[in-house]
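Undergrad: Let me give you the structure first, and then I'll get to my questions.
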Amino acid sequence: MLVGIDLGPQTAKIACRQEEQWHYLQATPFLYEAQDGNGDEEKALTSCLSSLDKHIDFISCESAGISYPNYWHLSCRQSLLDACQSALNSRTVSLLPGPIAAMLGHESTQRLGGDILLVELYETRASFSLLTVVQPGRDLCLEIQLPLEYRQRWEPALENFIADHLQPQARELGFWASGSWKLDAAVLVGEEPLLHKAAALVNNIFAPRELIIPPQAEFQIARGLAEWAACSDRCRVRAVYPFEFALETSTHGSGESQFAALPFDTHNLAIDLKARYLLAALTANSPFNLGDGRRVHYRLWERPSSRVQDKDDRCSRLIWEYESTQAYTPEPLGVYLHMGKFIIESEMIGQASILTPASWDLNSDYLNQAQRLLAIPFLNAELKKDLQKLASPPEGYDLNHQLEAARLRLLAFLQLFQSV
Numbered sequence: 260m261l262v263g264i265d266l267g268p269q270t271a272k273i274a275c276r277q278e279e280q281w282h283y284l285q286a287t288p289f290l291y292e293a294q295d296g297n298g299d300e301e302k303a304l305t306s307c308l309s310s311l312d313k314h315i316d317f318i319s320c321e322s323a324g325i326s327y328p329n330y331w332h333l334s335c336r337q338s339l340l341d342a343c344q345s346a347l348n349s350r351t352v353s354l355l356p357g358p359i360a361a362m363l364g365h366e367s368t369q370r371l372g373g374d375i376l377l378v379e380l381y382e383t384r385a386s387f388s389l390l391t392v393v394q395p396g397r398d399l400c401l402e403i404q405l406p407l408e409y410r411q412r413w414e415p416a417l418e419n420f421i422a423d424h425l426q427p428q429a430r431e432l433g434f435w436a437s438g439s440w441k442l443d444a445a446v447l448v449g450e451e452p453l454l455h456k457a458a459a460l461v462n463n464i465f466a467p468r469e470l471i472i473p474p475q476a477e478f479q480i481a482r483g484l485a486e487w488a489a490c491s492d493r494c495r496v497r498a499v500y501p502f503e504f505a506l507e508t509s510t511h512g513s514g515e516s517q518f519a520a521l522p523f524d525t526h527n528l529a530i531d532l533k534a535r536y537l538l539a540a541l542t543a544n545s546p547f548n549l550g551d552g553r554r555v556h557y558r559l560w561e562r563p564s565s566r567v568q569d570k571d572d573r574c575s576r577l578i579w580e581y582e583s584t585q586a587y588t589p590e591p592l593g594v595y596l597h598m599g600k601f602i603i604e605s606e607m608i609g610q611a612s613i614l615t616p617a618s619w620d621l622n623s624d625y626l627n628q629a630q631r632l633l634a635i636p637f638l639n640a641e642l643k644k645d646l647q648k649l650a651s652p653p654e655g656y657d658l659n660h661q662l663e664a665a666r667l668r669l670l671a672f673l674q675l676f677q678s679v
């Protein structure tokens, strides 16, 4: 049995798939806010899941997918993952941002490609997400998710939020240009009575080519989570992480700490949600070493990027600290972001481990791109010749090869569009 649990704001939605049949349940919501940090997440989630025992046979559960908002910070995500693994007795548990799960929840959304708007609508809350679907059901990227709470009538609240917050971000991301929205589809999920009322407003403002309200839309995210639990190895999911990282530096003598932002570009880089990334390589003589004499001491902080709309959550958070002697510290010390586990790890640069996921293979990725483009039957002969060279560089893909790859892809797409 596959289980998807959408820890939504009103009630927790559960979708179970067994022998190709779907079963749906609603439960008391998992009332854990990202800002609390009170350490009770495991207790609250265990209580939530325990109340479902009489409805769901968790013993026969093969795997479970759990949702979280993409605007949650790293420590909050890690706490949720730990709580889920404990509550489900170490069964296979995977976490996925709700908007991505929503795209996998029904065949009407699984087939969508291009630039997508996803609106989650509830009685007092809403969420707007912009996604790019490279390959329907197989390669999805969440560009941004913006939350909204309201106590007034929802129509003016949505209109004001779209104009004041969503549209400026959409312009920066390329979803809004020349005075209009550039959307291939809009998907509405959440409380169904509200969705049908909101459909006219969404059509009027966004004018998408297609507007979709999937069947049983309140369980769309939960269904997608169950689907993800079954096919995560066949689907690439990425998201722009709305936080940035900074290392603490010390001005000797002043006693004051300062922060240096890392060049790891979370503002524009879509992060693979199962990958592991090198954030920094630290040496004892670097300005980031807060230790004296023979000791090393590093502190890594996380802070919201400029795209985060939660004005009550602007503070920095200490997410990793390392303190030891120089003799027992690798040189250089690699600091890694592991998105699959929501943790910061450290080890010697180049250290091999069977527990470490394989890093992104740049050569393989560009080779696959070239091979896909070569499969287009009507490409210009000269362009095909250049693509053949791209498919087999003598020494891997350096920056020049990457720039050439981008140029050839643009030429291929231009020829493709001109032939339509």
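Count along the sequence shown from 1, add 259, and you get the number used in this note's numbering.
For glycine and all other residues, C-beta sits at the position ideal for the given N, C-alpha and C.
Values in this document were obtained by computation on a predicted structure and should not be read as measured data.
Please list, in chain order, all residues of the same chain as D443 whose beta carbon is under 6 Å from its beta carbon, the five residues on each side excluded.
TA: Counted from its first residue, the sequence shown places residue 443 at position 184. Within the same chain, D443 has close Cβ partners G373, D374 and R468.
Undergrad: May I ask which residues mark the beginning and end of the alpha helix (DSSP H) holding A489?
TA: Taking the sequence shown and counting its residues from 1, one reaches residue 489 at position 230. Where A489 is concerned, the enclosing alpha helix (DSSP H) stretches over Q479 to C490.
Undergrad: State buried or exposed for D492, treating a residue as buried only when at least 16 other CB atoms are found within 10 Å of its CB.
TA: Here residue 492 corresponds to residue number 233 of the sequence shown, with the count starting at 1. D492 comes out exposed.
Undergrad: Can you tell me where the alpha helix (DSSP H) holding K456 begins and where it ends?
TA: As a working note, residue 456 is residue 197 in the sequence shown. E451 to F465 is the extent of the alpha helix (DSSP H) around K456.
Undergrad: Please name the residue in Q479, A385, I608 and P328 whose C-alpha comes closest to that of L537.
TA: Your numbering for residue 537 matches position 278 in the sequence shown. Of the candidates Q479, A385, I608 and P328, the one whose C-alpha sits nearest the C-alpha of L537 is I608.
Undergrad: One question on the structure: do D265 and L484 come within less than 8 Å of each other, judged by their Cβ atoms?
TA: Stepping through the sequence shown from its first residue, residue 265 is reached at position 6. Stepping through the sequence shown from its first residue, residue 484 is reached at position 225. Taking 8 Å as the Cβ cut-off, D265 and L484 qualify as a contacting pair.
Undergrad: Can you tell which of V352, L632, A664 and P358 has the C-alpha that lies nearest to the C-alpha of Q479?
TA: As a first step, residue 479 is located in the sequence shown; it is residue number 220 there, counting from the start. For Q479, the nearest C-alpha among the options comes from P358.
Undergrad: Is R493 helix, strand or coil when you go by DSSP?
TA: Stepping through the sequence shown from its first residue, residue 493 is reached at position 234. DSSP places R493 in helix when its eight states are reduced to three.
Undergrad: Between I325, N329 and P415, which has its C-alpha nearest D341's C-alpha?
TA: Your numbering for residue 341 matches position 82 in the sequence shown. Of the candidates I325, N329 and P415, the one whose C-alpha sits nearest the C-alpha of D341 is I325.
Undergrad: Check each candidate in L673, Q285, R497 and I471 and name the one with the smallest Cα separation from Q394.
TA: As a position in the sequence shown, residue 394 is number 135, starting the count at 1. When each option's Cα is compared against that of Q394, the closest is R497.
Undergrad: How big is the Cα-Cα spacing for R495 and L401?
TA: For the purposes of this step, residue 495 is identified with residue 236 of the sequence shown, where counting begins at 1. For the purposes of this step, residue 401 is identified with residue 142 of the sequence shown, where counting begins at 1. Computed Cα separation, rounded: 11 Å.
Undergrad: Hey, how far is the Cα of E278 from the Cα of R412?
TA: If you number the sequence shown from 1, residue 278 lands on position 19. If you number the sequence shown from 1, residue 412 lands on position 153. E278 and R412: Cα-Cα distance of roughly 43 Å.
Undergrad: Which ranges does the alpha helix (DSSP H) cover as unbroken runs of at least 4 residues, wholly within the stretch 379 to 405, from first to last along the chain?
TA: none
Undergrad: What would DSSP say about C320, mapped onto helix, strand or coil?
TA: On the sequence shown, position 61 is the one that residue 320 refers to. Coil, per DSSP.
Undergrad: On the DSSP bridge assignment, give the partners of E604 in chain order.
TA: Translated into the one-based positions of the sequence shown, residue 604 becomes position 345. Beta-bridge pairing links E604 to Y595.
Undergrad: Over what stretch of residues does the beta strand (DSSP E) that includes F434 continue unbroken?
TA: Position 175 of the sequence shown, counted from the start, is the residue given in the question as residue 434. Boundaries for F434: no beta strand (DSSP E) harbours it, and the DSSP string shows neither H nor E there.
Undergrad: Buried or exposed: E561, going by 16 or more other Cβ atoms within 10 Å of its Cβ?
TA: Stepping through the sequence shown from its first residue, residue 561 is reached at position 302. Per the 10 Å Cβ criterion, buried.
Undergrad: Would you call the stretch 587 to 601 and the stretch 529 to 549 touching, i.e. three or more CB-CB distances under 8 Å?
TA: Verdict: yes, contact present.
Undergrad: Touching or not, the stretch 404 to 418 and the stretch 527 to 536, by the rule of three or more beta carbon pairs under 8 Å?
TA: no
Undergrad: May I have the straight-line CA-CA distance separating T368 from I603, to the nearest angstrom?
TA: Counted from its first residue, the sequence shown places residue 368 at position 109. Counted from its first residue, the sequence shown places residue 603 at position 344. Cα-Cα distance, rounded: 34 Å.
Undergrad: By the three-class DSSP mapping on this structure, what secondary structure does D295 have?
TA: The sequence position of residue 295 within the sequence shown is 36, counting from 1. Residue placement at D295 cannot be trusted, given a pLDDT of 45 that sits under 50; the coordinates are not used to answer.
Undergrad: Less than 8 Å between the C-beta atoms of P501 and S564, yes or no?
TA: Stepping through the sequence shown from its first residue, residue 501 is reached at position 242. Stepping through the sequence shown from its first residue, residue 564 is reached at position 305. Yes, the Cβ-Cβ distance between P501 and S564 is below 8 Å.
Undergrad: In chain order, what residues of the same chain have a beta carbon less than 6 Å from the beta carbon of W435, not counting five sequence neighbours either side?
TA: To locate residue 435, count along the sequence shown from 1; it is residue 176. Here the set comprises Q426 and A429.
Undergrad: Which residue's Cα is closest to the Cα of T383: Q585, G449 and A323?
TA: Stepping through the sequence shown from its first residue, residue 383 is reached at position 124. With respect to the C-alpha of T383, the residue from Q585, G449 and A323 having the closest C-alpha is G449.
Undergrad: If we ignore side chains and look at the alpha-carbon of each, how far apart do A540 and G267 end up?
TA: Position 281 of the sequence shown holds residue 540. Position 8 of the sequence shown holds residue 267. Cα to Cα, A540 sits roughly 39 Å from G267.
Undergrad: Rounded to a whole number of angstroms, what is the C-alpha to C-alpha distance between I472 and L454?
TA: Taking the sequence shown and counting its residues from 1, the one referred to as residue 472 is at position 213. Taking the sequence shown and counting its residues from 1, the one referred to as residue 454 is at position 195. Looking at the two C-alpha atoms, the distance is approximately 7 Å.
Undergrad: Cα separation between L390 and S509?
TA: Here residue 390 refers to the residue found at position 131 when the sequence shown is read from its first residue. Here residue 509 refers to the residue found at position 250 when the sequence shown is read from its first residue. Going from the Cα of L390 to the Cα of S509 covers about 40 Å.
Undergrad: Output yes or no for whether 8 Å exceeds the beta carbon distance between S583 and Y595.
TA: If you number the sequence shown from 1, residue 583 lands on position 324. If you number the sequence shown from 1, residue 595 lands on position 336. Cβ atoms of S583 and Y595: not closer than 8 Å.
Undergrad: Restricting to Cα atoms, I'd like to know which of A445, A422, C335 and R554 is closest to M683.
TA: The chain is shown only over 260 to 679; residue 683 falls outside these bounds and no answer can be derived.
Undergrad: Taking the CB atoms as reference points, tell me whether A445 and L470 lie closer together than 8 Å.
TA: Taking the sequence shown and counting its residues from 1, one reaches residue 445 at position 186. Taking the sequence shown and counting its residues from 1, one reaches residue 470 at position 211. Annotated as proximal: A445 and L470, with beta-carbon spacing under 8 Å.
Undergrad: Going by DSSP in three states, A346 sits in which element: helix, strand or coil?
TA: Along the sequence shown, one-based indexing puts residue 346 at 87. In the structure shown, A346 sits in a helix (DSSP, three-state: H, G or I).
Undergrad: Looking only at DSSP bridge pairs, what is A271 linked to?
TA: The residue you call residue 271 lines up with position 12 of the sequence shown. Its beta-bridge partners are L266 and A286.
Undergrad: Hey, how far is the Cα of K441 from the Cα of A466?
TA: Working through the sequence shown from its first residue, we reach residue 441 at position 182. Working through the sequence shown from its first residue, we reach residue 466 at position 207. Answer to the nearest angstrom: the Cα atoms are 9 Å apart.
Undergrad: Just to confirm my understanding: we take Q517, look at its own chain, exclude 5 residues before and 5 after, and list those with CB closer than 6 Å. What are they?
TA: Here residue 517 corresponds to residue number 258 of the sequence shown, with the count starting at 1. Correct list, in chain order: T508.
Undergrad: Tell me the DSSP secondary structure of S326 in three-state form.
TA: Counted from its first residue, the sequence shown places residue 326 at position 67. If DSSP states are grouped into helix, strand and coil, S326 belongs with the strands.
Undergrad: I need the DSSP call for I421, collapsed to helix, strand or coil.
TA: Translated into positions along the sequence shown, residue 421 becomes position 162. Three-state DSSP puts I421 in a helix.
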